[in-house]
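Each residue of the sequence shown is one higher than the one before, starting from 20 at the first, in the working numbering. Even glycine gets a Cβ: it sits at the ideal position worked out from N, Cα and C. These figures come from a predicted structure and were not determined experimentally.
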Amino acid sequence: MAKRSMIKTVSDQAIHIDLIAKARGIVAAEKYFVDLPESAKNHLTYGALLNCYCKESMTDKAEGVIEKMKDLDLPLSSMSYNSLMTLYTKVGQPEKIPSIIQEMKASSIMPDSYTYNAWMRALAAVNDIYGVERVIDEMKRDGRVTGDWTTFWLT
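As structure tokens, then:
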């Protein structure tokens, strides 16, 4: 795109990070991110890098991106936290998920259906059936989110 004098939006650059990671690997995606102008390093591009680290099970780097986003006062979304929860589940650390939920609540970030399902999977992984039931009750009280097939499969 850039060679044809087309200007990439920050959203385009975030997508590009993901595509580079898939096609050429995480090191190439990191280089692309590092080489971005500072004005392009926002919640979208940091979020894309975070997602790449989570997909590659790079826990330390993913946690580092979250901390950097907080340091820069970049907005975190349920999507950012969902990526982190998926990572923790993948690497066998479901016990970290409840603290993520608490952090989301403290930051007024509303959980979505993916968040609730990841939370229930983490509780199920440690055989906390009562915890799963509490999450289902909370999801019902929330009213914004309805269960999907994953929710019902978990219960």
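Practice task
Kindly indicate which three-state DSSP category SER102 falls into: helix, strand or coil?
Solution key: Numbered from its first residue, the sequence shown carries residue 102 at position 83. The answer is helix: DSSP assigns SER102 an H, G or I state.
Practice task
Please name the residue in THR28, CYS71, ASP79, ILE39 whose C-alpha comes closest to that of ASN180.
Solution key: In this structure the chain extends from 20 to 174, so residue 180 is not present and cannot be described.
Problem - Limits of the unbroken alpha helix (DSSP H) element including LEU68 - result: Residue mapping note: residue 68 aligns to position 49 of the sequence shown, counting from 1. The continuous alpha helix (DSSP H) containing LEU68 extends over residues 62–74.
Handout entry: Exposure label - ASP90; buried when at least 16 CB within 10 Å
Key = By one-based count along the sequence shown, residue 90 stands at place 71. It is exposed - the Cβ of ASP90 has fewer than 16 other Cβ atoms within 10 Å.
Practice task
Look at the Cβ atom of ILE45, then the Cβ atom of CYS71, and state whether they are nearer than 8 Å.
Solution key: The sequence position of residue 45 within the sequence shown is 26, counting from 1. The sequence position of residue 71 within the sequence shown is 52, counting from 1. A contact, by the Cβ cut-off of 8 Å.
Practice task
Please report the Cβ distance between TYR100 and MET123, rounded to the nearest whole angstrom; I am assuming they are in contact, meaning their Cβ atoms lie under 8 Å.
Solution key: For this step, residue 100 is matched to residue 81 along the sequence shown. For this step, residue 123 is matched to residue 104 along the sequence shown. At roughly 5 Å, the Cβ-Cβ gap stays under 8 Å, so TYR100 and MET123 are in contact.
Exercise for the section: Find out if the Cβ-Cβ distance for the pair SER132, LYS109 is shorter than 8 Å. Expected result: One-based indexing of the sequence shown puts residue 132 at position 113. One-based indexing of the sequence shown puts residue 109 at position 90. Cβ distance not < 8 Å, so SER132 and LYS109 don't count as in contact.
Exercise for the section: Give the straight-line distance between the Cα atoms of THR134 and ILE120, rounded to the nearest whole angstrom. Expected result: Working through the sequence shown from its first residue, we reach residue 134 at position 115. Working through the sequence shown from its first residue, we reach residue 120 at position 101. Cα to Cα, THR134 sits roughly 8 Å from ILE120.
Problem - For PHE52 and LEU38, the rounded distance between their alpha carbons - result: Within the sequence shown, the letter at position 19 stands for residue 38. Within the sequence shown, the letter at position 33 stands for residue 52. Linking LEU38 to PHE52 through their CA atoms gives a straight-line distance of about 12 Å.
Problem - C-beta atoms of PRO113 and ALA81 nearer than 8 Å - result: Stepping through the sequence shown from its first residue, residue 113 is reached at position 94. Stepping through the sequence shown from its first residue, residue 81 is reached at position 62. By the CB criterion at 8 Å, PRO113 and ALA81 fall outside the cutoff.
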